[in-house]
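Numbering (our numbering), first residue to last: 4 to 174.
Cβ atoms here follow ideal geometry from the backbone N, Cα and C, with glycine treated the same way.
Comments concern the structure below.
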Amino acid sequence: MKTIRLISTFLYLLTSILAIGYIATSVYVLISTWFKLPSLKRIENGRFAINYPFTQKAFLLGSEFSLQYISEMVIGIGFYGVFFLLLSHVFYTFKQERLFTLQGVGNLSRFYIFNLFVAPILLIILASFSMEDLPYGGMIFAHLIFGVFALFIATIFRQGLNLQNEQDLFI
Numbered sequence: 004m005k006t007i008r009l010i011s012t013f014l015y016l017l018t019s020i021l022a023i024g025y026i027a028t029s030v031y032v033l034i035s036t037w038f039k040l041p042s043l044k045r046i047e048n049g050r051f052a053i054n055y056p057f058t059q060k061a062f063l064l065g066s067e068f069s070l071q072y073i074s075e076m077v078i079g080i081g082f083y084g085v086f087f088l089l090l091s092h093v094f095y096t097f098k099q100e101r102l103f104t105l106q107g108v109g110n111l112s113r114f115y116i117f118n119l120f121v122a123p124i125l126l127i128i129l130a131s132f133s134m135e136d137l138p139y140g141g142m143i144f145a146h147l148i149f150g151v152f153a154l155f156i157a158t159i160f161r162q163g164l165n166l167q168n169e170q171d172l173f174i
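Here it is in C-alpha cells:
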C-alpha cells in the first residue's frame with residue numbers, strides 16, 4: 004500500500020499542476036483576446052499569437068482570429084483543466100490512509116460522470132462547430148473508457164464503504 008500511496012501522491016501533484024496550468028492558460032487566453040492585451044499579436048493571414056506575459060515570445064499560436072476559434076480554444080483548454088482537476092481528486096483519494104470514504108466515492112463519482120456524460124456531449128458540440136480537424140471521435144472514446152473504469156472503481160469503493168460501515172457497527 005505504501006507504493007500505491009507514493010505513486011498516487013506523485014500523480015496527485017502532477018495532475019494538480021497540470022490542472023492549474025490548463026485553467027490559468029484558458030483564463031489568460033480569454034483575457035488576452037477579450038481585452039486585446041499587449042500579449043496578443045496579430046500576424047499574417049488572420050492568424051494570431053499570444054505571448055508569454057511581459058515578453059515577446061509566443062506562447063500560443065492561433066490559426067484564425069475569430070470569436071468561434073477563440074471560444075473553441077478557451078473551452079477546449081478549460082475543459083482539460085477541469086479534467087485534470089477531477090483526476091487529481093481521484094489520485095488524492097488513493098493517497099489517503101483510509102481508502103473507502105464518502106469523499107473518495109464522491110471524487111470517483113464526479114470523475115465518471117464528467118467522462119461518461121459531460122465530456123462526450125461537450126466534444127460532440129465542439130466537433131459540430133470546430134474549425135480545427137481534431138480526432139474528436141478518439142477523444143470521446145477515450146473519455147468513455149475512463150468513465151467506465153471510474154464507474155467500476157466508484158462502485159467497488161461504494162461497496163467497500165458499506166462493508167466498512169457495517170464492520171464499524173459491530174465493533
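The C-alpha of Phe87 lies about 34 Å from the C-alpha of Glu47. For Leu70, the secondary structure class from DSSP, reduced to helix, strand or coil, is helix.
Taking Arg45 as the centre and dropping the five residues before and after it, the same chain places the C-beta of Phe51 and Phe68 closer than 7 Å to its C-beta, in chain order. Taking C-beta atoms as the reference points, Gly81 and Ser29 count as a pair closer than 7 Å.
When the five nearest sequence neighbours on each side are left out, the beta carbons in the same chain lying within less than 7 Å of the beta carbon of Met134 are those of Glu67, Gln71, Tyr72 and Glu75, in order along the chain. Residue ranges of uninterrupted alpha helix (DSSP H) with 4 or more members, entirely inside the stretch 94-128 and ordered along the chain, are 105-116. The three-state reading of DSSP puts Ile156 in helix, counting H, G and I together. Comparing alpha-carbon positions, the option among Tyr139, Asp171, Glu100 and Asn118 lying closest to Leu90 turns out to be Asn118.
A residue is called buried once 16 or more other Cβ atoms fall within 10 Å of its Cβ, and Val151, having fewer, is exposed. Contact check for Val32 against Val77 passes: the beta carbons are separated by less than 7 Å.
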